[in-house]
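Working notes, structure below.
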Ligand SMILES: *[C@@H]1O[C@H](CO)[C@@H](O)[C@H](O)[C@H]1NC(C)=O
Ligand SMILES: *[C@@H]1O[C@H](CO)[C@@H](O)[C@H](O)[C@H]1NC(C)=O
Ligand SMILES: *[C@@H]1O[C@H](CO)[C@@H](O)[C@H](O)[C@H]1NC(C)=O
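Numbering (mature numbering (1 follows the signal peptide of the UniProt record, and there is no 0)), first residue to last: -16 to -1, 1 to 419.
Here it is as structure tokens:
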């Protein structure tokens, strides 16, 4: 059984991680204990048996980190990201990015002082504090200039570094030993999905994606990753790890949309029956710890990293200035219907939509690991999964919900059951129960 062997492999990797030092107040090797698991799926993944609560705004005596402190464990357990092998829109440096823009109000008037290339990363934070401000490209982004495609920003094949595109790390102390590490991934362009062969729909200039690793006393507990406004939460110990350094979990960035998943293959989302799908594969592996901007955030202020773990980038946060406080959109406003680049379809919506808001608008003070929830999820559930959600289709490396039948004998019956549930509609129901 592929799945069973994989889980065994993951379990043995986890046990290979050395025990933690009691003297520093860390708990002994919690990875093999069940303490971190909530008792059933209907309970909130914020109340762990025997562990203190996670706090939105801890008081100073409840904090474990200093302002601007980047703890080594955040780096050690950072997710690595497989980009799509033929990705056309790669990560980009926000500093270079903003130099291709001026800012406009919602009504189309240019924000004074941003015309003629005057906008840069350090004065971004002094733009008017309104949500209706849009970074607006000075040239036609639709022609795929290099600053849109990030064509040169492929990860180094040896160490995974992207030399010219830093990730952004924002650490939020959640009190009582809990720490959230948010890794933000910036791409200049989001190429939206195709719907039944037509599209793309939902393109936008500027694309902020992110993952969250939630720690308790220096141990990773939960990993959440963004996908189309929703996302997936998993227990850290169940995720695939990087072979050469098995502390790092692996996530996969989908073609064009850069939505993040834990497995390879086709991932249907938002609409049923594979109408709308993302695709992931084992393309080049990005190690964001090689090049990142580090900050801590307390809900009110952002503090630049005192001591970035990369000596060559130490102090760079200060030269980037107060950019995180920019409250507007990181890309053009939805194109007018009269614009020849714009189009509309009943199923897919507009071809070009608004650029996104920045990292501080992504609910960093969250208590549940999920950023937000869909309208139908009125109980605000955020299910932390124990099982990898496999992709479907020929690229998939797993059986998806078919692994519920892993113990079925004889083998031929199991294979039939797995085949008929492999990505079928039935999976949706199995998934609800089995998670
Ligand atoms: C557009 O909006 C801005 C900010 O609200 C305002 O200052 C400006 O005068 C407006 N321009 C026009 C042409 O209405
Ligand atoms: C950004 O532009 C302002 C003027 O608008 C200038 O004073 C500042 O030095 C520039 N910063 C950088 C990093 O170029
Ligand atoms: C910064 O980190 C380096 C190595 O990680 C260490 O040698 C140095 O003392 C640290 N500096 C400060 C000011 O904490």
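Yeah, the Cβ is synthetic: ideal placement off N, Cα and C, and Gly gets one too.
- For residue 100, the Cβ stays outside the 6 Å cut-off from all heavy atoms of ligand 1.
- Residue 310 is positioned such that its CB atom lies no closer than 7 Å to that of residue 283.
- Secondary structure at residue 397: helix, using DSSP grouped into helix, strand and coil.
- For the stretch 145 to 183, not one full-length alpha helix (DSSP H) segment reaches 4 residues or more.
- 7 Å or more divides the Cβ of residue 68 from the Cβ of residue 249.
- Per DSSP, residue 341 lies in no alpha helix (DSSP H) and is assigned neither H nor E.
- Measuring C-alpha to C-alpha distances from residue 179 to each of 84, 344, 332 identifies 332 as the nearest.
- CA-to-CA, the gap between residue 188 and residue 80 works out to about 18 Å.
- A distance below 7 Å between beta-carbons, with the five flanking residues on each side excluded, links residue 146 to the following residues of its chain, in chain order: 75, 137, 139, 270, 275.
- Beta-bridge partners of residue 261 (DSSP): 252.
- One residue after another in chain order, those with a Cβ under 5 Å from a heavy atom of ligand 1 are 89, 91, 93.
- By the 16-neighbour rule on beta-carbons within 10 angstroms, residue 162 is buried.
- A straight-line Cα-Cα distance of about 16 Å links residue 190 and residue 177.
- At a threshold of 6 Å, residue 104 counts as near ligand 2, since its beta carbon sits closer than that to one of the ligand's heavy atoms.
- For ligand 2, no non-hydrogen atom lies closer than 6 Å to the CB of residue 306.
- Restricting attention to 157, 241, 264, the CA atom closest to the CA of residue 234 is found in 264.
- Residue 210 has its alpha-carbon roughly 11 Å from the corresponding atom of residue 236.
- As the crow flies, the alpha-carbon of residue 123 is around 8 Å from that of residue 84.
- Counting only unbroken stretches of 3 or more residues, the beta strand (DSSP E) elements lying wholly within the stretch 40 to 111 are 64 to 66, 85 to 89, in sequence order.
- Sixteen is the threshold: since fewer than 16 other Cβ atoms of the shown chains lie within 10 Å of the Cβ of residue 130, the residue is exposed.
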